[in-house]
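To start, the structure itself, in structure tokens.
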Amino acid sequence: MAIAFQLAWRQLRHEPRKLLAGIAGVVFSVVLMFMQIGFRDALFVCAAGIQSHLAGDLFIIRRQSDNVGLVFMSQFPRRRVQQALAVPEVQSATELYVGVAQWKSPWTARTRGILVLGIDPAVGALELPGVREHLDTIRLKDSVLFDGRSRREYGPVAATVKAHGPITVEINSRRTKVEGLFQLGGSFATDGNLITSDLNFLRLFPSHNASQVSVGILGLKPGADRRVAQAAVARLLPPDVAVMTRDEFVKQEHDYWDQATPIGFIFNTAMVIAFLVGIVVVHQILYAEISTHLAQYATLKAMGYTQRFMLGIVTGASLILGLLGFVPGWAASLGLYHLTASSTGLPMTLGVGKTTLVLLLTMTMCLVSGSLAMRRLRAANPADMF
Amino acid sequence: MEPAVLATNLFHTYGDGLRRKTILHDVNIEVRPGELTLITGPSGSGKTTLLTLIGALRAVQEGSLCVAGEELNGATPEVQTRVRRRVGYVFQASNLLPFLTARENVMMSLNLLAEPLPTKERYNRAAEALAAVGLADHLDDYPATLSGGERQRVAIARALAHRPRLVLADEPTAALDKQNGHECVQLMRNVARTQGCPILIVTHDPRIQDIADRILRIDDGHIQEST
């Protein structure tokens, strides 16, 4: 087998331009796969960014027949949250208001949707950098905190606030002051975020019914069993609400984006296409190699080389192409991840998990092309050739 | 000493039904060590079929064919491979691997020995085989830089380097001019003689008939000795 792999390498090396074309094809599909996985992963991390930073142990949302993302969830009566305090394990209960407002940029006068989170400033149920120190600030009438990692389309808000203090903007046509900054980052549902008090939230959304909330956040007593408490709260509350642990709440957001929107499908399709492009390119190269050398391969068979040896050459060539394409593809993806992260604020991380997954996919892709090209080897029959 | 090739009542047909055509009809031949035998005959007379049967490249249909000590009628792929490794093949085209040097091409036949040689030994044996065909100065040349005659001589070195029990050649001179063709056949004979290995050449090149020990003529599937 070592000889077969050696031959495969010599054969590929013999025509550097074809080899480069093959490598370029593999690089292309490797980069495509990395980007798709990266985006998809970032989407999931971002999409559940709020869920991941809520300070609580159990979460109450409106029960719905299908998974729905946080931004699109229906509300439920605020009483339910307070009712949950009747369960002995529950220590604290607070609410989160969620709405999408129109932000009018003071620089361009253009409007853009922005996600607004309303919390009780006495509790401060969001554990994000910048929130705790500004809890008193948002008690002020018409004041909000701005997400410093929002997309830059909102204008140089963070820089201005840092340099010159609070600025006044129009949100839902209401003059509002940005008093401070926190850090969260945009997601696929929203480009930017604001945090304010529950009272200010209701000022920004005058038609919002104050007794309807989006999420109830329950804190448990130290040492309380989360599962037991979850079951107890669920038993106590009417079936119009669902009680979830944080993992379930995060997973529901994942599943929504993955399954209920076309986004999951789009990423999966793009992965499949990247994979197929790789197969086609590598197959072309291998098929052409075999066709060019058909007479020589038939001669090798006449000399007593086995069919297995011939398969070894093709397998070797496909694995070499895969490896030679993967390495630069990985390096290029690393660069693109950085570029994407800095321009979109998406948490694009290229770790061992993704590297291993794409490496396996690349090798599989090359082996599939190889086994398709092997059919061509049947034509290398010395009895028919001479 | 047992013959290198012994064919008894060998028949071979192509196609079925009405289109069935007998290409070899009751062929009986015996090739003894050291002999250079030419097989001639018009196109389609079955010369190449006979050669591919002897080379274990094609399955025997009817009759007995013993090559290099193995019966090929009903031979398994393993037996076929074993026989192929004991035979040296020279084709009309040299069919050298273009991405290997002359020496590496010759080493391809040395990789398959029943008792494997160390790399260094294969390296030296390939050089010796190339020197024997007058290519000692071209060991590291790629086929593309060699002339047609030189390429065919590399192919001959490849067919002989592993000391085969039999050399088969299918129109080895067809692509060469008279002088080169003659030289090539001469080389095959010289090397084979020193190794005591018989050679079977299928040809209708009249220019090389003078160096044969025996000439067999196939006509319409029947074989006969011509003297």
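Here the protein sequences come in this chain order: G and D.
Numbered according to the working numbering, the first sequence spans residues 1140 to 1525.
Numbered according to the working numbering, the second sequence spans residues -16 to 210.
Ideal Cβ positions, reconstructed from N, Cα and C, are used throughout, including at glycine.
Remember, it's a predicted structure, so these values are computed and weren't measured experimentally.
Query, Result
"Where do the ends of the beta strand (DSSP E) carrying ALA(-10)/D lie?", "-12 to -3"
"Taking 7 Å as the threshold (beta carbon to beta carbon), is MET1442/G in contact with chain D?", "yes"
"Rounded to whole angstroms, what is the Cα-Cα separation between ILE184/D and ILE194/D?", "11 Å"
"Please state if the CB of GLN1150/G and the CB of PHE(-6)/D are separated by a distance shorter than 7 Å.", "no"
"Under 7 Å Cβ-Cβ, which residues of chain D neighbour ALA1181/G?", "By Cβ distance, chain D contributes nothing, its closest Cβ being about 44 Å from ALA1181/G, past 7 Å."
"On the three-state DSSP scale, how would you describe GLN1351/G?", "strand"
"Since I believe ALA85/D is in contact with LEU143/D (beta carbons under 8 Å), could you give me their beta-carbon distance rounded to a whole number of angstroms?", "The pair is not a contact, with the Cβ atoms about 14 Å apart (cut-off 8 Å)."
"How big is the Cα-Cα spacing for LEU1462/G and MET1502/G?", "8 Å"
"Report yes or no: do three or more beta-carbon pairs, one from the stretch 1409 to 1425 of chain G and one from the stretch 62 to 72 of chain D, lie closer than 8 Å?", "no"
"Assess contact between the stretch 86 to 100 of chain D and the stretch 1154 to 1165 of chain G, defined as three or more Cβ pairs (one per stretch) separated by less than 8 Å. Is contact present?", "no"
"Taking its Cβ as the centre, do 16 or more other Cβ atoms sit within 10 Å of TYR(-3)/D, making it buried, or is it exposed?", "exposed"
"Which full runs of the beta strand (DSSP E) of 3+ residues lie inside the stretch 1360 to 1434 of chain G, going along the chain?", "1380 to 1384"
"Pull up the CB-CB distance for PHE1198/G and MET1383/G, whole angstroms please, since I reckon it's below 8 Å.", "5 Å"
"If we ignore side chains and look at the alpha-carbon of each, how far apart do GLY132/D and PRO(-14)/D end up?", "31 Å"
"Taking the alpha carbon of GLU1228/G as the point to measure from, which residue in GLY1455/G, GLY1443/G and ASP1364/G has its own alpha carbon closest?", "ASP1364/G"
"What are the boundary residues of the beta strand (DSSP E) that ILE208/D is part of?", "A small correction: the amino acid at residue 208/D is Glu; Ile does not occupy that position in the sequence shown. GLU208/D -> beta strand (DSSP E) spans 205 to 209."
"For GLN1145/G, decide whether its Cβ has a neighbour in chain D, counting only Cβ atoms nearer than 7 Å.", "no"
"Candidates LEU1193/G, ILE1310/G, THR1454/G and ALA1480/G: which alpha carbon is nearest ALA1248/G's?", "ILE1310/G"
"Comparing alpha-carbon positions, which option in GLN1222/G, THR1233/G and ARG1291/G lies nearest ALA1261/G?", "THR1233/G"
"Of the residues that make up the stretch 14 to 47 of chain D, which ones have a beta carbon closer than 7 Å to any beta carbon in chain G?", "THR31, THR35, GLY38, LEU40 and ARG41"
"From VAL212/D to ASN56/D, what does the alpha carbon distance come to, in whole angstroms?", "What the structure shows of chain D is the stretch from -16 to 210, and residue 212/D is not part of that stretch, so it cannot be assessed."
"For a contact defined as C-beta to C-beta under 9 Å, what are the partners of TYR72/D on chain G?", "THR1438, ALA1441, MET1442, PRO1521 and PHE1525"
"With distances taken between CB atoms, is the gap from LEU149/D to PRO181/D smaller than 7 Å?", "yes"
"Assuming the contact rule is C-beta atoms closer than 8 Å, THR1110/G and GLY1269/G should be a hit. Round their C-beta distance to whole Å, please.", "No answer is possible for residue 1110/G: it lies beyond the span of chain G, which begins at 1140 and ends at 1525."
"Please confirm whether ARG1149/G has its beta-carbon closer than 7 Å to some beta-carbon of chain D.", "yes"
"Below 9 Å on C-beta distance, what does ILE1142/G contact in chain D?", "MET91 and ASN94"
"Check the Cβ of THR1445/G against every Cβ in chain D and list those closer than 7 Å, keeping chain order.", "THR64"
"My parser needs the beta strand (DSSP E) runs of 3 or more residues fully inside the stretch 163 to 208 of chain D; what are they?", "182 to 185 and 197 to 202"
"Give the secondary structure of TYR1436/G by DSSP, where H, G and I count as helix, E and B as strand, and everything else as coil.", "helix"
"Answer yes or no: does any C-beta atom of chain G fall closer than 7 Å to that of ARG229/D?", "Residue 229/D lies beyond the stretch modelled for chain D, which goes from -16 to 210, so this question has no answer here."
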